[in-house]
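Colleague:
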Amino acid sequence: MGTSSFQAQFKRVLEAGQKRDYKKAIILLEDMAACGLAEEHPEILLYLARSWHSESMFARAVSCARSYLALSPEDGAGWFFLGRSLFSNGDFERSVHAFRKSLEYNPVSIDARTMLGFALLKCRKPSLARSIFEQALNDDPDNEKLNQGYRNALFVEAVRTYRRGDAETARQMLTFLINNDIDGVVPRLYLGHALRDLGYTAEAMGQYEAAMMFAPDDPSLVWYPVSALVQSGNMEGALRLMQDRGLSAGAEDPSGPAVLLTIIKNHIDREEWSGAVEASRSFIKAHGDSAQVQSLMAEAFRNLGNTHLALAHFRRALSLDRSNPSPHYGILMVHIGMRDWVSLAAAVAEAAKAGCDPDALSLYRVLARSHLDIPPEDILSEIQQEIHTAGAIPELFLALALTYYRLGLPDLASGWYHKALEIDPDDEEASIGFIACCEALLTDGGSDRASTSSRAKTLENAYQAYLERWSDNTAIRRDYIRFLADRERWGEAADATEQLLSGERSAALERQLALFRRKAGQYR
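Heads up, the sequence shown is in numbering that gives the first Met the number 0, so the first residue is 0 and it goes up one at a time.
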């Protein structure tokens with residue numbers, strides 16, 4: 000293709016893009032690349048990346064952007080579009096690197112600086128994000144997207160500032176944010192907390208009332224003005240307010256601890272775990288440590304997925320009240336959630352020494368034993384008996400499925416994994432176990448064509464269902480690629496390989512991708 004012919008073809012690409020006909024643009028660009036023009040005109044790859052991005056095919060966009068940067072490594076625009084596609088694909092850490100590289104080669108890019116700020120927010124680095132947004136706002140103070148990003152970063156930092164104990168700085172930050180359209184229940188609550196801690200009771204109550212305006216049906220919010228009055232020593236005012244609103248803290252003469260404990264329990268009942276944590280911190284700050292509050296805070300952290308803090312607070316609860324063994328059950332649940340069977344076995348033994356109910360501990364003991372190095376034939380009857388006694392508990396279903404699988408009975412195991420997934424479709428262990436069973440059944444299922452086809456379809460569906468939820472498991476994705484390649488479904492195998500390449504650079508994967516595309520009759 001000569002220069003004039005290339006220019007004419009590229010003009011058609013630009014026209015297609017202006018009309019948002021990205022499919023046509025992709026066809027034209029891939030035709031040009033297939034003619035060997037990409038090395039001389041690397042912009043073909045850049046526009047391919049942008050077109051695939053517009054079609055929401057982010058893995059392909061990442062692959063094309065990286066191919067472009069291999070030819071033009073110092074182009075800030077290339078790094079920006081790579082970062083944008085990585086960001087859209089959920090790969091925030093790598094997008095931060097790409098946006099930084101973009102700014103390295105094009106320091107005046109407001110777009111790159113803006114996206115870097117948002118990527119840092121996604122990476123939970125609000126202080127860095129705020130700094131980036133402030134730099135960008137110096138150059139473009141009227142940019143609404145920048146201002147919104149700056150306010151979001153400042154809000155996260157304000158909450159962290161309050162939690163560090165700097166109520167005055169948090170008050171200033173939150174006041175600024177509320178005056179600049181970051182308003183709602185949470186900003187008002189934290190501003191109320193900061194004012195309360197600074198001794199400004201009337202102002203704190205005003206903020207709590209404002210929070211209630213945003214969520215009038217939330218029963219936990221009505222207790223915060225009461226807690227502010229109690230903390231200031233105005234028990235008479237607190238009781239009057241409770242009477243006016245028909246509130247009861249479970250005592251004729253509720254103390255400050257009773258009010259805050261009611262707030263914590265209200266949050267727990269509504270599964271507002273973050274609210275329960277903050278209310279627990281307020282209790283401890285105002286009234287000192289408490290085994291009951293430590294247990295409630297631990298349960299909130301467990302439901303938030305913060306297992307390290309959950310364990311720490313359950314253990315703190317035990318240290319405060321050795322006569323109450325109930326935190327042991329919380330520790331057992333944390334270890335089950337972590338799938339830490341060795342620690343679970345140790346925790347069961349510790350709970351037994353502390354006087355926990357032996358019948359209640361039986362479930363946890365069986366779960367631990369089923370995942371440890373015990374012959375499956377020795378544990379099978381125990382699991383079956385526990386299911387008969389305890390009923391439909393997903394963890395028991397998983398234990399029975401694993402035991403059947405270890406016994407070489409994937410057909411029986413798959414049914415129990417399936418039962419576990421019916422209860423909780425987001426159980427990753429059950430999904431992986433079900434895939435393993437499907438793989439074994441396909442391998443050992445004989446030569447009957449209809450049966451083999453049915454089992455292959457079941458395995459394919461299992462791969463796809465898993466990867467929709469846990470797309471970053473490269474081992475499962477590699478198995479899925481191998482499954483597709485074995486069936487000569489080259490185009491789909493290539494698409495799945497591109498997903499891998501969006502998260503890692505690998506010459507072997509790039510060669511594999513090229514092979515699959517060629518076998519599929521597609522350009523890459």
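Backbone N, C-alpha and C fix where the C-beta goes; we use that ideal spot for every residue, glycine too.
When you compare each of L47, Q8, I109 to Y21 by their alpha carbons, which one comes out closest?
Modeller: What you label residue 21 is simply residue 22 of the sequence shown in a count that begins at 1. That would be L47, whose Cα lies nearest to the Cα of Y21.
Colleague: Leaving out the 5 sequence neighbours to the left and right, which residues in its chain are closer than 6 Å to A169 when beta-carbon positions are compared?
Modeller: Taking the sequence shown and counting its residues from 1, one reaches residue 169 at position 170. A157, T160, Y161, A193, listed in sequence order.
Colleague: For E38, I'd like the list of residues in its chain whose CB is within less than 8 Å of its CB, leaving aside the five on either flank, ordered along the chain.
Modeller: What you label residue 38 is simply residue 39 of the sequence shown in a count that begins at 1. In chain order, L70 place their CB closer than 8 Å to the CB of E38, counting only its own chain and leaving out the 5 sequence neighbours on each side.
Colleague: In whole angstroms, what is the alpha-carbon distance linking G354 and P324?
Modeller: As a first step, residue 354 is located in the sequence shown; it is residue number 355 there, counting from the start. As a first step, residue 324 is located in the sequence shown; it is residue number 325 there, counting from the start. For G354 and P324, the distance between alpha carbons rounds to 7 Å.
Colleague: May I ask you to report which of helix, strand or coil DSSP gives A37?
Modeller: For this step, residue 37 is matched to residue 38 along the sequence shown. Looking at A37 - three-state DSSP - the assignment turns out to be coil, as it is neither helix nor strand.
Colleague: Quick check: L120 and N151, are their CB atoms within less than 8 Å of each other?
Modeller: Within the sequence shown, residue 120 is the residue found at index 121, counting from 1. Within the sequence shown, residue 151 is the residue found at index 152, counting from 1. Taking 8 Å as the Cβ cut-off, L120 and N151 qualify as a contacting pair.
Colleague: Quick one: Cα of H307 to Cα of V276, how far?
Modeller: On the sequence shown, position 308 is the one that residue 307 refers to. On the sequence shown, position 277 is the one that residue 276 refers to. Looking at the two C-alpha atoms, the distance is approximately 14 Å.
Colleague: Measuring alpha carbon to alpha carbon, tell me which residue in L317, Q498, E167 is nearest G191.
Modeller: Your numbering for residue 191 matches position 192 in the sequence shown. G191 has its Cα closest to that of E167, out of L317, Q498, E167.
Colleague: Between L499, L362, L371, which lies nearest to Q384 when the distance is taken from Cα to Cα?
Modeller: One-based indexing of the sequence shown puts residue 384 at position 385. Comparing Cα-Cα distances from Q384 to each of L499, L362, L371, the minimum goes to L362.
Colleague: By alpha-carbon positions, which one of M212, F213, R195 ends up nearest to V225?
Modeller: If you number the sequence shown from 1, residue 225 lands on position 226. Closest by alpha carbon: R195.
Colleague: So with Cβ pairs under 8 Å, would you call E298 a contact of chain D?
Modeller: Absent from the structure is chain D; it holds one protein chain and no more.
Colleague: Do you know offhand how far L397's Cα is from R93's?
Modeller: Stepping through the sequence shown from its first residue, residue 397 is reached at position 398. Stepping through the sequence shown from its first residue, residue 93 is reached at position 94. Their Cα atoms are separated by approximately 35 Å.
Colleague: Could you tell me the alpha carbon to alpha carbon distance between G164 and K284, rounded to whole angstroms?
Modeller: Taking the first residue of the sequence shown as 1, we reach residue 164 at position 165. Taking the first residue of the sequence shown as 1, we reach residue 284 at position 285. Spanning the two alpha carbons is a distance of roughly 10 Å.
Colleague: Where does E487 sit, in a helix, a strand or coil, going by DSSP?
Modeller: Stepping through the sequence shown from its first residue, residue 487 is reached at position 488. Note: E487 maps to coil in three-state DSSP.
Colleague: Compare the C-alpha of P140 against each of K124, V155, I109 and name the closest.
Modeller: Walking along the sequence shown from the start, residue 140 turns up at place 141. That would be I109, whose Cα lies nearest to the Cα of P140.
Colleague: What whole-angstrom Cβ distance do L483 and E497 have, given they're in contact under 8 Å?
Modeller: Counted from its first residue, the sequence shown places residue 483 at position 484. Counted from its first residue, the sequence shown places residue 497 at position 498. Not really, about 13 Å apart at Cβ, beyond 8 Å.
Colleague: Assign S501 to one of three DSSP states: helix, strand, or coil.
Modeller: Against the sequence shown, residue 501 aligns to sequence position 502. Residue state, collapsed to three classes: coil.
Colleague: What is the C-beta distance between F57 and S87, in whole angstroms, given that I count them as a contact (C-beta under 8 Å)?
Modeller: Indexing the sequence shown from 1 puts residue 57 at position 58. Indexing the sequence shown from 1 puts residue 87 at position 88. Confirmed, about 5 Å.
Colleague: Look at the alpha carbon of R269 and the alpha carbon of L514, and state the distance between them as a whole number of angstroms.
Modeller: Along the sequence shown, read from residue 1 onward, the residue named residue 269 stands at position 270. Along the sequence shown, read from residue 1 onward, the residue named residue 514 stands at position 515. Roughly 54 Å between the two C-alpha positions.
Colleague: Ends of the alpha helix (DSSP H) at H96?
Modeller: Stepping through the sequence shown from its first residue, residue 96 is reached at position 97. It spans 91 to 104 - the alpha helix (DSSP H) in which H96 sits, taken as one unbroken run.
Colleague: Span of the alpha helix (DSSP H) holding S322?
Modeller: One-based indexing of the sequence shown puts residue 322 at position 323. No alpha helix (DSSP H) holds S322; DSSP gives it neither H nor E.
Colleague: Here's a check: name, in chain order, each residue in its chain whose Cβ is nearer than 6 Å to the Cβ of K518, leaving out the five neighbours to either side.
Modeller: Translated into positions along the sequence shown, residue 518 becomes position 519. So the list reads W489, once near-sequence residues are dropped.
Colleague: Should K10 be labelled buried (16 or more other beta-carbon atoms within 10 Å of its own) or exposed?
Modeller: Here the question's residue 10 lines up with position 11 in the sequence shown. That one is exposed.
Colleague: So is R523 buried or exposed if we call it buried at 16+ other beta carbons inside 10 Å?
Modeller: Within the sequence shown, numbered from 1, the residue matching residue 523 stands at position 524. Only weak support exists for where R523 lies, its pLDDT of 46 falling under 50; the coordinates are left without a value.
Colleague: Kindly list the residues whose CB is nearer than 6 Å to the CB of E202, restricted to its own chain and excluding five residues on each side of it in sequence; keep chain order.
Modeller: Indexing the sequence shown from 1 puts residue 202 at position 203. Excluding positions up to five away in sequence, the list reads L194.
Colleague: Could you spell out where the alpha helix (DSSP H) holding S342 opens and where it closes?
Modeller: For the purposes of this step, residue 342 is taken as the residue at position 343 of the sequence shown. Counting along the chain, the alpha helix (DSSP H) containing S342 begins and ends at 340 to 352.
Colleague: Since I believe A346 is in contact with L331 (beta carbons under 8 Å), could you give me their beta-carbon distance rounded to a whole number of angstroms?
Modeller: Translated into the one-based positions of the sequence shown, residue 331 becomes position 332. Translated into the one-based positions of the sequence shown, residue 346 becomes position 347. Contact between L331 and A346 holds, with the beta-carbon distance rounding to 5 Å and staying under 8 Å.
Colleague: Any idea what DSSP makes of Q511, helix, strand or coil?
Modeller: The residue given as residue 511 occupies position 512 in the sequence shown. In the structure shown, Q511 sits in a helix (DSSP, three-state: H, G or I).
Colleague: Return the first residue and the last residue of the alpha helix (DSSP H) that P357 is part of.
Modeller: For the purposes of this step, residue 357 is taken as residue 358 along the sequence shown, with counting starting at 1. From DSSP, the alpha helix (DSSP H) with P357 extends over 357 to 369.
Colleague: From V292, G329, D320, pick the residue whose C-alpha is nearest to that of L310; which is it?
Modeller: Along the sequence shown, one-based indexing puts residue 310 at 311. Here the closest residue by C-alpha is G329.
Colleague: Please report the distance separating the alpha-carbon of Y189 from that of R280.
Modeller: Start at 1 with the first residue of the sequence shown, and residue 189 comes out as number 190. Start at 1 with the first residue of the sequence shown, and residue 280 comes out as number 281. Roughly 13 Å separates the two Cα atoms.
Colleague: State buried or exposed for T113, treating a residue as buried only when at least 16 other CB atoms are found within 10 Å of its CB.
Modeller: Position 114 of the sequence shown, counted from the first residue, corresponds to residue 113. Counting Cβ neighbours within 10 Å, T113 comes out buried, since at least 16 surround it.
Colleague: By the DSSP assignment, the alpha helix (DSSP H) with V221 in it spans what residues?
Modeller: Your numbering for residue 221 matches position 222 in the sequence shown. Looking at the DSSP string, V221 is not in any alpha helix (DSSP H), and its letter there is neither H nor E.
Colleague: Using C-beta distances below 8 Å, list every residue in its chain close to W415, excluding the 5 sequence neighbours before and after it, in chain order.
Modeller: Residue mapping note: residue 415 aligns to position 416 of the sequence shown, counting from 1. So the list reads F396, L397, L399, A400, Y403, once near-sequence residues are dropped.
Colleague: Mind checking whether A297 and F282 have CB atoms under 8 Å apart?
Modeller: Counting from 1 along the sequence shown, the entry for residue 297 is found at position 298. Counting from 1 along the sequence shown, the entry for residue 282 is found at position 283. For A297 and F282, no; Cβs fall outside 8 Å.
Colleague: Near M337, what residues of its chain come up, given a Cβ to Cβ distance below 7 Å and the 5 sequence neighbours on each side ignored?
Modeller: Within the sequence shown, the letter at position 338 stands for residue 337. Cβ within range, chain order: T306.
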